[in-house]
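Residue numbers for the sequence shown follow our numbering, beginning at 228 and rising by one.
Just so it is clear, CB atoms sit at the ideal spot from N, CA and C, and this is done for glycine as well.
The model shown is predicted, which means the values in this text are computed figures rather than measured ones.
Reading through the structure tokens given below for one structure.
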Amino acid sequence: MCFYTKQTKTATELKNRFKANFKQEHEYQPFGMVSGFAHPRVPAITHAAPHDIQLFTWGLLPSWAKDRSLQKNTLNARIETIGEKPSFRGYVNNRCLVLIDGFFEGQWLDEKGKQKQKYELSMPGHEAFALAGLWNKWIDKESGIVTGK
């Protein structure tokens with residue numbers, strides 16, 4: 228499961244690599260290693276707008292979620308159970324590409340699970356690539372702010 232990613236490419240590099248317009252280019256900030264639990268805003272391309280790069284918050288929030296507390300449980304979806312999980316099953320057709328240039332996985336170094344070695348996985352030359360993702364719109368009931376525009 229990929230909980231740590233990085234995206235160090237500039238908006239121009241992403242536009243050129245994916246041949247797409249960057250809708251919120253002025254809001255985009257490249258980032259080094261970041262945890263999905265920090266709910267970073269990541270560049271993504273949706274099936275609904277395949278020629279546009281948009282910023283989405285990591286962690287799917289189903290439309291029925293009352294607040295953001297569920298977001299920590301929806302960072303990653305497993306293809307084997309995606310149709311069974313209420314948080315994901317309504318969005319299986321809302322596909323997107325999450326644009327990154329690396330992700331990190333760990334290997335346990337001891338049997339008790341106390342020491343872990345992180346490894347970065349990336350393309351040759353640290354070229355940007357994409358992870359499969361799901362997206363949706365969610366409206367914060369208190370503030371009225373819409374995420375996943």
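For residue i, three-class secondary structure by DSSP
i, result
"residue 243", "helix"
"residue 264", "helix"
"residue 275", "coil"
"residue 256", "coil"
"residue 248", "strand"
"residue 219", "Nothing in the structure corresponds to residue 219, since the chain is present only between 228 and 376."
"residue 351", "helix"
Anticipated Cβ contact below 8 Å, residue i with residue j, distance rounded
i, j, result
"residue 301", "residue 288", "7 Å"
"residue 241", "residue 249", "7 Å"
"residue 235", "residue 328", "6 Å"
"residue 299", "residue 261", "Rounded, the Cβ-Cβ distance is 15 Å, inconsistent with contact."
"residue 365", "residue 292", "7 Å"
"residue 282", "residue 255", "6 Å"
"residue 374", "residue 239", "No, residue 374 and residue 239 are not in contact; Cβ-Cβ is about 25 Å, not under 8 Å."
Paired residues, beta bridge with residue i - DSSP
i, result
"residue 360", "323"
"residue 280", "249"
"residue 270", "282"
"residue 365", "374"
"residue 235", "Paired residues: none, contrary to the question."
Item checked: Continuous beta strand (DSSP E) assignments of at least 3 residues falling wholly in the segment 309-349 -> 322-327, 329-335, 343-348
Notebook entry, point to check: Touch check for the segment 360-368 and the segment 268-286: three-plus C-beta pairs under 8 Å?
Noted result: With the cut-off at 8 Å, the segment 360-368 and the segment 268-286 touch.
Margin query: Between the segment 311-326 and the segment 335-347, can you find at least three pairs of beta-carbon atoms closer than 8 Å?
Written below: no
Next item on the list: Give a yes or no on contact between the segment 332-340 and the segment 275-289, applying the rule of three or more CB pairs nearer than 8 Å.
Entry: The answer is no - the segment 275-289 does not touch the segment 332-340, with fewer than three Cβ pairs under 8 Å.
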